[in-house]
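Undergrad: Before we start, here is the structure in question, set down as structure tokens.
Protein chains in written order, with the working numbering: chain B, 3 to 512; chain W, 27 to 332.
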């Protein structure tokens, strides 16, 4: 063979390999065939694989996307109104300041066949508050002291002090089967037996989790029989898989993809952005300056330009109407640059530099939002120095280890209220002993009183009063609530919930 | 031979220990993982409590001592995020990444070697220029972006391949091709350079003047002598795939490999798991380098190990 033949040979080798590789692709890949019969299997893509199935241990949203369909709690939230309603409990009443009586639902069985009784409830409560168990969410149950079995279907829950939020806290406490947990304590890491509408059929680590409908479920029978969860980290890939029909449902879609997806449904998210201001020391101590800052931000523009309109403006408070303590008389501060400048002038602001601390990457377009806010403040006449820190450092500034450190003039965060109760926000950000507070003592007494007020009407009024005070003398600038966007196939029927729970029992195919 | 083995193992030990130490110190300087594990609104007391439970309130040296004494006994601790032995979690996805990287390497070699040889046979020709340009493209293009582009074209538009996940052979095509592009570029260049060197040597003239078929001159003689450089670069690229490029590819295509795992582990600041994964990858690279060294006598019988 001479040089020429060699060249031809090698060239042919390269070309034919390419052809073979591409030629193999022309047959249709595994796209699901639309059949005449109604589909009963749904394929859902979530961003990441759950770390464990131990719903009492971790604070893991990916785990919840699966486990919320398998386990249940004594109380739950109504999907539309977000009010606390009974689930495994049928009746809940207060006997005295620190004792609650809970009557349990009869004729409920776990997916492993064991009946649901008071023993399971007592076990579940004791486990989650056990300091040796080291649950990452034990903080939500800090007021729980003990649980006692009173009858086969009745328990008493004892709190360490008056706790009006106790029923709401129960919505986060999943009930485990005592018999199974004692016999096989490690099983919960990969397969949990709950009382819910779906049971775990298999978990192929790294690949998928499959749920099957629980035909012994005590509640209404869900229409979908099988659920397959896949884990696709990259947003663009998740959207591509949905567009291709490889999956039926994709969570956490970005606003930019909305126009390309077959169907999109949104819900008001759980998180509000806010800019906490130092009302105790420094430049921002002056009430007029804090009000000026509140008038200076054009939240509508931020919502439209950064989130394609998929963000709603906080109504003068970082609460949704369903939260306990929501004040319906408050409205968002209007965007009024003239008023901001006027207030700033009246306050005697001499152009001192304001430090604005932020982080980047934890929430959608947080960095961009921070820069936009800083620029709007500058337009109003503030001199702003933006400091973007790494997440861990930023967290250390927001929640300082040493409570005597001087808080920054302004710090950006997203706030999520897990128990739908005003106390969570006020106790953290306003109460002087809160973990992230830079506000004077003026509201301390009211917050503590409201926290332990057991009369629900009185409690609501107390929070509304606090809310009004904070509106006039702000501890933070109220921001926006980014909508939760779910992508789904054209044949899927589902309205995302405002508590961000993914309930397959509420899904169906057309 | 025995001294060679001893020296190699010693060097390997230094590398693995050095990498582990570096990662240990770095992870503990980026912040407190407790802040990620607990809900954002957790109280100071809760944070202090968890910090103490995880042993993070001890000095870095004390933590290092705890870690080292565990490792010596083969115990890498328990993953904070997954509550399972860190080494078990780290080893589980390794076979997948090795398989993916292996396939990508084979794809690169299948194209790189012929193209490199052809370019060397006809330097400065059109083919040579095209090869040089496309190999440069392969090296420069961000593989992350390339992956997304291939999904867009071959998955969404043409429906030839699925977008992500695992399954039959179709699921392997896009990820392994994306992963192969960069090594393909680099190996093509090294083949070309090495072959140009060899083809200038006198023995090639001798072989041709003997009447030896060109095919044998090029492959059995020139290519074999260029072998050491090519194998070294290929091995190096394989190592970089396992320890680096696979991370982006596995994230883009939603694949269950060790790259995906380390992304999650870093996000969760799961120190035991990060340490275990780093250790595993370091061992892989060291073993790979030893295998490359051991292959040299196949190309040059004069090489001896001492």
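Beta carbons: idealized from backbone N, C-alpha and C, even for Gly.
If I follow the unbroken beta strand (DSSP E) through residue 63/B, where does it start and stop?
TA: From DSSP, residue 63/B is part of no beta strand (DSSP E) but of the alpha helix (DSSP H) over 63-69.
Undergrad: For residue 221/B, which residues from the same chain have a beta carbon less than 7 Å from its beta carbon, with the 5 sequence-adjacent residues on both sides left out?
TA: The residues are 199.
Undergrad: In chain order, what are the residue ranges of uninterrupted alpha helix (DSSP H) at least 4 long that sit wholly in the stretch 387-449 of chain B?
TA: With a minimum length of 4 residues, the continuous alpha helix (DSSP H) runs that stay inside the stretch 387-449 of chain B are 393-400 and 424-431.
Undergrad: Taking residue 342/B and residue 392/B to be in contact with their CB atoms under 8 Å, please state how far apart those CB atoms are, rounded to whole angstroms.
TA: Not really, about 31 Å apart at Cβ, beyond 8 Å.
Undergrad: Look at the Cβ atom of residue 272/W, then the Cβ atom of residue 285/W, and state whether they are nearer than 7 Å.
TA: A contact, by the Cβ cut-off of 7 Å.
Undergrad: Does residue 114/W get closer than 7 Å to chain B when you measure Cβ to Cβ?
TA: Not an interface residue.
Undergrad: Strictly below 9 Å CB to CB, what residues from chain W border residue 397/B?
TA: In chain order: 57, 58, 61, 62 and 66.
Undergrad: Determine the direct distance from the alpha carbon of residue 74/W to that of residue 81/W, and round the result to whole angstroms.
TA: For residue 81/W and residue 74/W, the distance between alpha carbons rounds to 11 Å.
Undergrad: Candidates 437/B, 82/B and 105/B: which alpha carbon is nearest residue 88/B's?
TA: The shortest Cα separation from residue 88/B among 437/B, 82/B and 105/B belongs to 105/B.
Undergrad: Let me see if you follow: with CB-CB separation under 7 Å, is residue 69/W close to chain B or not?
TA: Residue 69/W counts as touching chain B.
Undergrad: Rounded to the nearest angstrom, what separates residue 114/B and residue 73/B at their Cα positions?
TA: Straight-line Cα distance between these residues: approximately 12 Å.
Undergrad: Rounded to whole angstroms, what is the Cα-Cα separation between residue 324/B and residue 310/W?
TA: Spanning the two alpha carbons is a distance of roughly 54 Å.
Undergrad: Residues of chain W with CB closer than 9 Å to the CB of residue 235/B, please, in chain order.
TA: Within chain W, the residues near residue 235/B are 276, 277, 278, 280, 286, 289 and 290.
Undergrad: Quick check: the Cα distance between residue 401/B and residue 44/B, rounded to an integer number of angstroms?
TA: For residue 401/B and residue 44/B, the distance between alpha carbons rounds to 41 Å.
Undergrad: Can you list, in chain order, the residues of the stretch 176-190 of chain B whose Cβ is nearer than 7 Å to any Cβ on chain W?
TA: Answer in chain order: no residues at all.
Undergrad: Taking a cut of 8 Å between CB atoms, which residues from the stretch 111-145 of chain W lie near chain B?
TA: Those residues of the stretch 111-145 of chain W that come within reach of chain B (Cβ to Cβ, closer than 8 Å) are 118, 119, 122, 136, 137, 140, 141, 143 and 144.
Undergrad: Return the chain-ordered list of same chain residues with a C-beta closer than 7 Å to the C-beta of residue 48/B, the five sequence neighbours on each side being excluded.
TA: Excluding residues within five positions, the ones whose Cβ falls inside 7 Å are 64, 67, 231, 233 and 253.
Undergrad: Whether or not the stretch 483-492 of chain B and the stretch 312-332 of chain B are in contact is what I'm after, with contact meaning three or more pairs of Cβ atoms, one per stretch, closer than 8 Å; do they touch?
TA: Contact between the stretch 312-332 of chain B and the stretch 483-492 of chain B is present, because at least three Cβ pairs lie under 8 Å.
Undergrad: Name the chain W residues that come within less than 7 Å of residue 54/B, Cβ to Cβ?
TA: Here the neighbours are 108 and 109.
Undergrad: Can you give me the start and stop residues for the alpha helix (DSSP H) that residue 349/B sits inside?
TA: Start and end: 339-349.
Undergrad: If you count every other CB in all the chains shown that lies within 10 Å of the CB of residue 246/W, and 16 or more means buried, which is it?
TA: So residue 246/W ends up on the exposed side.
Undergrad: Taking all protein chains shown into account, do 16 or more other C-beta atoms lie within 10 angstroms of the C-beta of residue 513/B, making it buried, or fewer, making it exposed?
TA: The requested residue 513/B is not part of the displayed model; chain B covers only 3 to 512.
Undergrad: Measure the Cβ-Cβ separation of residue 296/W and residue 160/W and say whether it is below 7 Å.
TA: Taking 7 Å as the Cβ cut-off, residue 296/W and residue 160/W do not qualify as a contacting pair.
Undergrad: Could you tell me whether the stretch 203-215 of chain W touches the stretch 259-270 of chain B, where touching means 3 or more Cβ pairs closer than 8 Å?
TA: Contact between the stretch 203-215 of chain W and the stretch 259-270 of chain B is absent, because fewer than three Cβ pairs lie under 8 Å.
Undergrad: Of all the CB atoms in chain B, is at least one closer than 7 Å to the CB of residue 85/W?
TA: No, residue 85/W lies away from the interface with chain B (no Cβ there is under 7 Å from its Cβ).
Undergrad: Quick one: what's residue 96/W bridged to in DSSP?
TA: Answer by DSSP bridge pairing: none, since residue 96/W is not bridged.
Undergrad: Quick one: is residue 522/B near chain W, going by C-beta distance under 7 Å?
TA: Summary: the structure shown does not reach residue 522/B, with chain B confined to residues 3 through 512, and so no result is reported for it.
Undergrad: Taking contact to mean at least 3 C-beta pairs separated by less than 8 Å, is the stretch 219-233 of chain W in contact with the stretch 104-122 of chain W?
TA: Touching, no, given that fewer than three Cβ pairs across the two stretches are closer than 8 Å.
Undergrad: Nearest by alpha-carbon distance to residue 54/B: which of 193/B, 120/B, 509/B and 135/B is it?
TA: With distances taken between Cα atoms, residue 54/B lies closest to 193/B.
Undergrad: What residues from chain W crowd round residue 50/B, counting only those whose CB sits closer than 8 Å?
TA: What residue 50/B touches in chain W: 290.
Undergrad: Whose C-alpha, out of 390/B, 191/B and 495/B, is nearest the C-alpha of residue 115/W?
TA: Nearest of 390/B, 191/B and 495/B to residue 115/W, Cα basis: 191/B.
Undergrad: Which one or two residues does DSSP pair with residue 251/B in a beta bridge?
TA: Note: residue 251/B sits in a beta bridge opposite 46/B and 490/B.
Undergrad: From which residue to which residue does the alpha helix (DSSP H) around residue 107/B run?
TA: Taken as a continuous stretch (DSSP letters only), residue 107/B belongs to no alpha helix (DSSP H), as it is neither H nor E.
Undergrad: In chain order, which beta strand (DSSP E) runs of at least 3 residues are fully inside the stretch 163-187 of chain B?
TA: DSSP runs (the beta strand (DSSP E)) wholly in the stretch 163-187 of chain B: none.
Undergrad: Is it the case that the stretch 234-242 of chain B contacts the stretch 138-156 of chain W, given that we only count it when at least three CB pairs across the two stretches are under 8 Å?
TA: The stretch 138-156 of chain W is not in contact with the stretch 234-242 of chain B.
Undergrad: Check for me: the alpha helix (DSSP H) holding residue 171/W runs from which residue to which?
TA: Element bounds for residue 171/W: 169-176.
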